[in-house]
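Chains as they are written, first to last, in my numbering: chain A, -17 to 95; chain B, 829 to 941. Every residue gets a Cβ at the ideal spot worked out from N, C-alpha and C, and that includes glycine. The model shown is predicted, which means the values in this text are computed figures rather than measured ones. First the structure, in the form of structure tokens, and then the observations on it.
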Amino acid sequence: GESVGLHLPTLSVQEGDNSIINCAYSNSASDYFIWYKQESGKGPQFIIDIRSNMDKRQGQRVTVLLNKTVKHLSLQIAATQPGDSAVYFCAENGGTGANNLFFGTGTRLTVIP
Amino acid sequence: EPEVTQTPSHQVTQMGQEVILRCVPISNHLYFYWYRQILGQKVEFLVSFYNNEISEKSEIFDDQFSVERPDGSNFTLKIRSTKLEDSAMYFCARNRGRGETQYFGPGTRLLVL
Chain A
-17 GESVGLHLPT
-7 LSVQEGDNSI
3 INCAYSNSAS
13 DYFIWYKQES
23 GKGPQFIIDI
33 RSNMDKRQGQ
43 RVTVLLNKTV
53 KHLSLQIAAT
63 QPGDSAVYFC
73 AENGGTGANN
83 LFFGTGTRLT
93 VIP
Chain B
829 EPEVTQTPSH
839 QVTQMGQEVI
849 LRCVPISNHL
859 YFYWYRQILG
869 QKVEFLVSFY
879 NNEISEKSEI
889 FDDQFSVERP
899 DGSNFTLKIR
909 STKLEDSAMY
919 FCARNRGRGE
929 TQYFGPGTRL
939 LVL
């Protein structure tokens, strides 16, 4: 089955610094990747996605990088704010045409004021 | 981000009882999903639903589970005879089309005693 994992279970950063959250995926057939943010007691909130025909995509304060050679995905958050504190999950679709998502175990980001 | 709503927000039930979890549809969203998240663990796919039938399901989605969307109304997940290990957050997700971004609801916290 698919395996989507994260290098670090926890990450603490100072407010204003940049954060980098990493994710490794194992299914080379996956062609769609998403980052979700989950605050305590809430559902996963979409942050940004990327398809396999791209290696970088930018949003507001966030950038996702995809390295298909080493099957690695990262989320960069610029000027991290206290409101960014949450658990971040990467997810992959498992292949072209697949519609369900496979989630990683999550990284807890704590922003220190 | 499209708002996804779920009811109830919390449900406590006795082992062996049936529960029905509901997800409120958005008119232009055609695909529906149920995921669950056991406390402290990753989000796991259960089932996807399109055009009034199941399109994909995981090995978790056994005979105790069923889904339906009667008459275009709420999208429901039924657990026929709950077990202690069914205690989890259950998330509904929707998207407009295959491979499109999935948006998650706030979840229903199910506790089986």
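>> What would DSSP say about residue -7/A, mapped onto helix, strand or coil?
In response: Here residue -7/A sits in strand by DSSP.
>> Can you look up residue 31/A in the DSSP assignment and give me helix, strand or coil?
In response: Three-state DSSP puts residue 31/A in a strand.
> What are the boundary residues of the beta strand (DSSP E) that includes residue 882/B?
Replying inline: Here the beta strand (DSSP E) through residue 882/B covers 881 to 885.
> At a CB-CB cut-off below 9 Å, which residues of chain A make contact with residue 836/B?
Replying inline: Result: empty, since nearest Cβ-Cβ is about 14 Å, beyond 9 Å.
>> Between -1/A, 26/A, 7/A, which has its C-alpha nearest residue 86/A's C-alpha?
In response: Nearest option by C-alpha distance: 7/A.
> Taking the alpha-carbon positions, what's the residue 83/A to residue 876/B distance?
Replying inline: In this structure, the CA atom of residue 83/A is about 10 Å from the CA atom of residue 876/B.
> Ordered along the chain, which non-local residues of its own chain (more than five positions away) have a Cβ less than 7 Å from that of residue 915/B?
Replying inline: Cβ within range, chain order: 938, 939, 940.
> Are the Cβ atoms of residue 888/B and residue 874/B separated by less than 8 Å?
Replying inline: Contact flag set, yes.
> Any idea if residue 21/A is buried or exposed, counting beta-carbon neighbours within 10 angstroms, 16 or more meaning buried?
Replying inline: Residue environment for residue 21/A: exposed (fewer than 16 other C-beta atoms within 10 angstroms of its C-beta).
> Tell me, which residues are paired with residue 917/B by DSSP?
Replying inline: Beta-bridge pairing links residue 917/B to 865/B, 937/B.
> Can you list the residues of chain B that residue 14/A reaches, using a CB-CB cut of under 7 Å?
Replying inline: Proximity of chain B to residue 14/A at the Cβ level (cut-off 7 Å) is accounted for by 927, in chain order.
> Taking only beta-carbon atoms, is residue 871/B less than 8 Å away from chain A?
Replying inline: For residue 871/B, the answer is yes, since a Cβ of chain A falls inside 8 Å of its Cβ.
> Is there a Cβ from chain A that is less than 8 Å from the Cβ of residue 881/B?
Replying inline: No, no contact with chain A.
> According to DSSP, what are the bridge partners of residue 40/A?
Replying inline: Under DSSP, residue 40/A takes part in a beta bridge, and its partners are 45/A.
>> To the nearest angstrom, how far is the alpha carbon of residue 19/A from that of residue 26/A?
In response: Going by the C-alpha atoms only, they are around 5 Å apart.
> Taking all protein chains shown into account, do 16 or more other C-beta atoms lie within 10 angstroms of the C-beta of residue 882/B, making it buried, or fewer, making it exposed?
Replying inline: Per the 10 Å Cβ criterion, exposed.
>> Is the beta carbon of residue 870/B closer than 8 Å to that of residue 15/A?
In response: Cβ distance not < 8 Å, so residue 15/A and residue 870/B don't count as in contact.
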